[in-house]
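Basically the working numbering = 1-based index in the sequence shown + 28.
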Amino acid sequence: MAVVEGIVLGILFAIPDPIFYLAFFRPFLYGAIVNWQTVTFDLIAFIPGDVIITIIAGLLALRVSRAVGQ
Numbered sequence: 029m030a031v032v033e034g035i036v037l038g039i040l041f042a043i044p045d046p047i048f049y050l051a052f053f054r055p056f057l058y059g060a061i062v063n064w065q066t067v068t069f070d071l072i073a074f075i076p077g078d079v080i081i082t083i084i085a086g087l088l089a090l091r092v093s094r095a096v097g098q
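Here you go:
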């Protein structure tokens, strides 16, 4: 279950930076035109690393909770 939660959280953690910053805030802050290829690339590039890190974090959290006795 920790692995599935890690996958879901990793995908959700990868979404805000490309979508909110590159596609929404950046055009308002800098007057830039949205480059959807960059947004898509960053989204696809961020997902694997975030998924791996959150899977490891979920497994470590599970181990700590078992050690504490929860």
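Glycine included, every Cβ here is placed at the ideal spot set by N, Cα and C.
None of the values given here were measured: they were computed from a predicted structure.
Tell whether a beta-carbon distance below 8 Å holds between residue i and residue j.
i   : j   : result
P44 : V67 : no
A42 : F74 : yes
E33 : G97 : no
Report the rounded CA-to-CA distance for residue i versus residue j, giving the unit in angstroms.
i   : j   : result
F48 : I83 : 24 Å
P37 : V79 : Per the sequence shown, residue 37 should be read as Leu rather than Pro. Taking the straight line joining both Cα atoms gives about 7 Å.
M29 : R94 : 14 Å
R91 : L71 : 30 Å
R54 : P76 : 24 Å
I81 : A89 : 12 Å
Q65 : F56 : 19 Å
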